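J.: Residue numbers (the numbering used here), protein chains in the order written: chain A, 2 to 115; chain B, 27 to 142.
Quick reminder that beta carbons are idealized off the backbone N, C-alpha and C, glycines included.
None of these values were measured; they are calculated from a predicted model.
(1) Taking its Cβ as the centre, do 16 or more other Cβ atoms sit within 10 Å of residue 41 of chain A, making it buried, or is it exposed?
(2) Taking all protein chains shown into account, decide if residue 34 of chain B is buried (16 or more other Cβ within 10 angstroms of its Cβ) or exposed.
(3) On the DSSP letters alone, give me the boundaries of the beta strand (DSSP E) that residue 6 of chain A sits inside.
(4) State the Cα-Cα distance for the pair residue 58 of chain B and residue 117 of chain B, rounded to the nearest angstrom.
(5) Leaving aside the five residues before and after residue 53 of chain A along the sequence, list all residues of the same chain whose C-beta is less than 8 Å from its C-beta, in chain order.
(6) For the beta strand (DSSP E) that contains residue 41 of chain A, what are its first and last residues?
(7) With 16 other CB atoms within 10 Å as the buried threshold, where does residue 105 of chain B fall?
(8) DSSP state of residue 111 of chain B, grouped into three classes?
(9) Check the Cβ-Cβ distances between residue 86 of chain A and every residue of chain B, and say whether any is below 8 Å.
(10) My assumption, with CB atoms under 8 Å, is that residue 77 of chain B sits in contact with residue 92 of chain B. Please give the rounded CB distance.
(11) Output the boundary residues of the beta strand (DSSP E) element that contains residue 76 of chain A.
(12) Establish whether the CB of residue 41 of chain A and some CB of chain B are separated by less than 8 Å.
(13) Excluding the five sequence neighbours on either side, which residues of its own chain have a C-beta within less than 6 Å of the C-beta of residue 50 of chain B, listed in chain order?
(14) List the endpoints of the continuous beta strand (DSSP E) containing residue 63 of chain B.
(15) On the premise that residue 57 of chain A lies in contact with residue 48 of chain A, defined as a C-beta separation below 8 Å, what is that separation, rounded to the nearest angstrom?
(16) Go ahead and pull the three-state DSSP assignment for residue 68 of chain A.
(17) My understanding is that residue 139 of chain B touches residue 113 of chain B, with C-beta atoms under 8 Å, so please give their C-beta distance in whole angstroms.
(18) Could you tell me whether the segment 12 to 20 of chain A touches the segment 73 to 84 of chain A, where touching means 3 or more Cβ pairs closer than 8 Å?
(19) Would you call the CB atoms of residue 10 of chain A and residue 90 of chain A closer than 8 Å?
(20) Between which residues of its own chain and residue 141 of chain B is the CB-CB distance below 7 Å, once the five residues before and five after are set aside?
(21) Work out the CA separation of residue 115 of chain A and residue 134 of chain B for me, nearest whole Å.
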């Protein structure tokens, strides 16, 4: 069962445009992470949001965690070709063990052209 | 500083063959993970190891076995490969926080496996 749905699945835009990627669930997560993955490589962590309503900025990328901690969004301002890649959200449940069992979203493939 | 190293990068198997995917890390992390990635399905957890000497099933463990050889190495074995196991496999390590909800994962570059 896929608990995290991302939309859109694919996005092709021109350099300079803005875009938003959504990550939605019916479940509550204690934290949510965003990763970017380039072809032939593993995902690389961009950010972790923990508090409901939290907003974090990473240069032109803005991440928001929903108030109810069931959803998140990633907004990119003035996209550049270097932003091209697969964006994955991943939710963590409240867990007191010593290993995380992240649930990954379905992914959004972004292509930014000149 | 290699981080997380996976071997091999590519592999083609015939149905019924066996193989082991290797993963080694030099980050001194306690937890290690094996994921598979299929189009439109994100990453799904196969097995994980919270620390040396322990392993646990993830979301899709059937058809796989794992071995945490020591703190550095975590291998994934397919005893009798099936076409449904065609996928890209990723090994990851975790930052080893005691409360793991905010653990950062560091991924290897993946193994592309095709089972004919």
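T.: On the basis of the coordinates in this document:
(1) Looking up residue 41 of chain A in the first chain gives position 40. Answer is exposed; the Cβ neighbour count stays below 16.
(2) The residue given as residue 34 of chain B occupies position 8 in the second chain. Counting Cβ neighbours within 10 Å, residue 34 of chain B comes out exposed, since fewer than 16 surround it.
(3) Counted from its first residue, the first chain places residue 6 of chain A at position 5. Taken as a continuous stretch (DSSP letters only), the beta strand (DSSP E) holding residue 6 of chain A covers 6 to 8.
(4) Against the second chain, residue 58 of chain B aligns to sequence position 32. Against the second chain, residue 117 of chain B aligns to sequence position 91. Near 7 Å, if we compare the C-alpha coordinates of residue 117 of chain B and residue 58 of chain B.
(5) On the first chain, residue 53 of chain A is found 52 positions in, with the first residue counted as 1. Closer than 8 Å at Cβ, skipping near neighbours: 66, 67, 68, 69, 70.
(6) For the purposes of this step, residue 41 of chain A is identified with residue 40 of the first chain, where counting begins at 1. Note, residue 41 of chain A: premise wrong, no beta strand (DSSP E); not H, not E.
(7) Within the second chain, residue 105 of chain B is the residue found at index 79, counting from 1. Classification for residue 105 of chain B: exposed.
(8) Counting from one through the second chain, the residue named residue 111 of chain B turns up at place 85. It is helical.
(9) Here residue 86 of chain A is taken as the residue at index 85 of the first chain, counted from 1. It does not: the Cβ of residue 86 of chain A has no partner Cβ on chain B nearer than 8 Å.
(10) On the second chain, position 51 is the one that residue 77 of chain B refers to. On the second chain, position 66 is the one that residue 92 of chain B refers to. Rounded, the Cβ-Cβ distance is 14 Å, inconsistent with contact.
(11) Reading the first chain from its first residue, position 75 is the one you call residue 76 of chain A. Per DSSP, residue 76 of chain A belongs to the beta strand (DSSP E) from 72 to 77.
(12) On the first chain, residue 41 of chain A is found 40 positions in, with the first residue counted as 1. Judged by the 8 Å Cβ criterion, residue 41 of chain A is in contact with chain B.
(13) In the second chain, the residue the question calls residue 50 of chain B occupies position 24. So the qualifying residues of the chain are 31, 98, 99.
(14) Counting from 1 along the second chain, the entry for residue 63 of chain B is found at position 37. 58 to 63 is the extent of the beta strand (DSSP E) around residue 63 of chain B.
(15) Position 47 of the first chain holds residue 48 of chain A. Position 56 of the first chain holds residue 57 of chain A. At roughly 5 Å, the Cβ-Cβ gap stays under 8 Å, so residue 48 of chain A and residue 57 of chain A are in contact.
(16) Locating residue 68 of chain A in the first chain gives position 67, where the first residue counts as 1. Coil at residue 68 of chain A, not helix or strand.
(17) Against the second chain, residue 139 of chain B aligns to sequence position 113. Against the second chain, residue 113 of chain B aligns to sequence position 87. Between residue 113 of chain B and residue 139 of chain B the Cβ distance is about 6 Å, and since that is below 8 Å, they are a contact.
(18) yes
(19) For the purposes of this step, residue 10 of chain A is identified with residue 9 of the first chain, where counting begins at 1. For the purposes of this step, residue 90 of chain A is identified with residue 89 of the first chain, where counting begins at 1. Contact flag unset, no.
(20) Along the second chain, read from residue 1 onward, the residue named residue 141 of chain B stands at position 115. Hits under 7 Å: 39, 41, 107, 108, 109, 111, 112.
(21) On the second chain, residue 134 of chain B is found 108 positions in, with the first residue counted as 1. On the first chain, residue 115 of chain A is found 114 positions in, with the first residue counted as 1. One C-alpha to the other measures close to 30 Å.
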